[in-house]
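S.K.: Counting in my numbering, the sequence shown runs from 661 upward without gaps. Yeah, the Cβ is synthetic: ideal placement off N, Cα and C, and Gly gets one too. Before I ask anything, let me first share the structure, which is written out below as structure tokens.
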Amino acid sequence: METVVSGIRSTGNLHLGNYYGAIQNFVKMQHEYNCYFFIADLHSLTTHPTPADLHGNVKQVLVEYLAAGIDPETATIYIQSDVPEVAELYLYLNMNAYLGELERATSFKDKVRASPDNVNAGLLTYPVLMAADIIIHKATKVPVGKDQEQHLEMARTFANRFNRLYNKEYFPEPFAFNFSDNLVKIPGLDGKGKMGKSEGEGNAVYLSDSPEVIRKKVMRAVSDSGPTTEYSEKPVEIQNLFDIIKVVSSADTYEHFDNLYNTCQIRYGDLKKQLAEDIIIATAPIREKINDIANDTLYLRQVARHGAIKARESASKTIREVREIIGFKSF
Ligand code: TYM
């Protein structure tokens, strides 16, 4: 059975982008593949969270994984820092990752632009740690959103380079995966880029948002005064709203508003009202479970411990073999 690995950074509550880009696939894949889903708390250290924030965010992602339907009896759910073998493989892969290629990564360039005062080595080698996460379990499929495509390409590069250096076909190549063939990019509500945690207030709808908050955010989404010529191309902020409708609402709803747009009869207030209600319905089953799971400390502890044991079994086997391949041998 093919192995699947994916993770989400512990930097706060999960949003619709995380859900439709990644988690929805996790939930489906767990029944078909050997799955490892983790909480990337080491990755979150690049922004120096306080110990309390770090712990709270790890818990939040764990709770939301479970609320979204990942079954810890079927898939392995674990916290990245519980598996120190990942950090060891990261070290080995770093010896084989070059400054030029790391500096060219789009995510690195974006981070440098956004936070020029915090360009640390962890940020630069972020894709190397990600490669270690994936290949430590010899995964071949990685369910992620569109924004992670380049990181997967880099993971393949590092895996292949290791194989070539030691002249051994050890690590398989991992590929980004989505059930619908195309990787997903959910836009934000601000009329600009993708939905994200650090894109500013009101850009993201969180799985834990109450219906009132969802309505408020969606009604404030950026739109314009409407088309004046029939069948005109949609401006970015309008296309973004339609892109969200496409994943959250029914095909009929999409078609209905698309027709209204094309015939210049659209009223964005109506579109947003419908979109808000559809988001509320789509997220209800998850939202309803979040509080109960968050209050069950015993259950969370069991899940995390069980997951760490299973993940370490797989990771330590790889590390034993990797050490041997590299030439670390006992006398
Ligand atoms: P992160 O935490 O930024 O996002 C987690 C997952 O959600 C997807 N995603 C989106 N998909 C569609 N539209 C959006 N607007 C959107 N925003 C986020 C991301 O593509 C991702 O799949 N580096 C990773 C975490 C990670 C990882 C890994 C993933 C660490 N190691 C190993 C896979 C395998 C990250 O920062 O994702």
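To which residues of the same chain is Ala757 closer than 7 Å at the C-beta, ignoring the five residues directly before and after it?
M.R.: Thr785, Val788 and Phe818
S.K.: Does the stretch 953-969 come into contact with the stretch 725-745, if we say contact requires no fewer than three beta-carbon pairs (one atom in each stretch) closer than 8 Å?
M.R.: yes
S.K.: I'd like to check one pair, Val865 with Lys876: are the Cβ atoms closer than 7 Å?
M.R.: Result no, Cβ atoms of Lys876 and Val865 do not sit closer than 7 Å.
S.K.: Under a three-way DSSP split, which group does Asn778 fall into?
M.R.: Correct three-state label for Asn778: coil.
S.K.: What first and last residue would you give for the alpha helix (DSSP H) that runs through Asp974?
M.R.: A small correction: the amino acid at residue 974 is Ser; Asp does not occupy that position in the sequence shown. Its alpha helix (DSSP H) spans residues Thr957 to Ile986.
S.K.: Can you tell me which residues form a DSSP beta bridge with Asn694?
M.R.: For Asn694, which the question treats as bridged, DSSP gives the partners Thr663.
S.K.: For Ile795, which residues in the same chain have their Cβ closer than 6 Å to its Cβ, ignoring the five residues on either side in sequence?
M.R.: Ala819 and Phe831
S.K.: Do Val746 and Ala792 have their beta-carbon atoms positioned less than 7 Å apart in this structure?
M.R.: Closer than 7 Å, so yes.
S.K.: Mark His715 as exposed unless 16 or more other C-beta atoms lie within 10 angstroms of its C-beta, in which case mark it buried.
M.R.: Of the residues assessed, His715 falls on the exposed side of the cut-off, its CB having fewer than 16 other CB atoms within 10 angstroms.
S.K.: Val723 to Asn827, Cα distance in whole Å?
M.R.: 42 Å
S.K.: Quick check on the DSSP output: the beta strand (DSSP E) that includes Thr739 runs from which residue to which?
M.R.: At residue 739 the sequence reads Ile, which differs from the Thr that was named. Ile739 -> beta strand (DSSP E) spans Thr736 to Ile739.
S.K.: Do Val721 and Ile668 have their beta-carbon atoms positioned less than 7 Å apart in this structure?
M.R.: yes
S.K.: With contact counted as at least three CB pairs below 8 Å, one residue from each stretch, are the stretch 700-707 and the stretch 891-901 in contact?
M.R.: no
S.K.: Using the beta-carbon count (16 or more within 10 Å), is Thr671 buried or exposed?
M.R.: buried
S.K.: Closest to Asp884 by CA distance: which of Tyr928, Gly987, Pro847 and Phe686 is it?
M.R.: Tyr928
S.K.: May I ask you to check if the CB of His703 is nearer than 6 Å to at least one heavy atom of the ligand TYM?
M.R.: Yes, the ligand TYM has a heavy atom inside 6 Å of this Cβ.
S.K.: Leaving out five residues on either side along the sequence, give the residues of the same chain with a beta carbon under 6 Å from the beta carbon of Ile946.
M.R.: Here the set comprises Ala727, Ala728 and Leu867.
S.K.: Within 8 Å, do at least three Cβ pairs link the stretch 933-946 to the stretch 901-915?
M.R.: Output reads yes: the stretch 933-946 touches the stretch 901-915.
S.K.: Report yes if the C-beta distance between Ala765 and Val804 is below 7 Å; otherwise report no.
M.R.: no
S.K.: Would you report the Cα separation of Asp850 and Ala881, rounded to the nearest angstrom?
M.R.: Roughly 6 Å between the two C-alpha positions.
S.K.: Restricting to Cα atoms, I'd like to know which of Pro732, Asp742, Glu748 and Glu813 is closest to Leu762.
M.R.: In terms of CA proximity to Leu762, Glu813 leads the group Pro732, Asp742, Glu748 and Glu813.
S.K.: Around the Cβ of Ile839, are there at least 16 other Cβ atoms within 10 angstroms (buried) or fewer (exposed)?
M.R.: With the sequence shown as reference, residue 839 is identified as Phe, and Ile is not the correct amino acid for it. With fewer than 16 Cβ atoms within 10 Å of its Cβ, Phe839 is classed as exposed.
S.K.: If we count the other Cβ atoms within 10 Å of its Cβ and call it buried at 16 or more, is Val779 buried or exposed?
M.R.: exposed
S.K.: To which residues of the same chain is Thr734 closer than 8 Å at the C-beta, ignoring the five residues directly before and after it?
M.R.: Gln690, His691 and Cys695
S.K.: Based on the DSSP output, what are the partners of Ile699 in its beta bridges?
M.R.: Ile668 and Ile739
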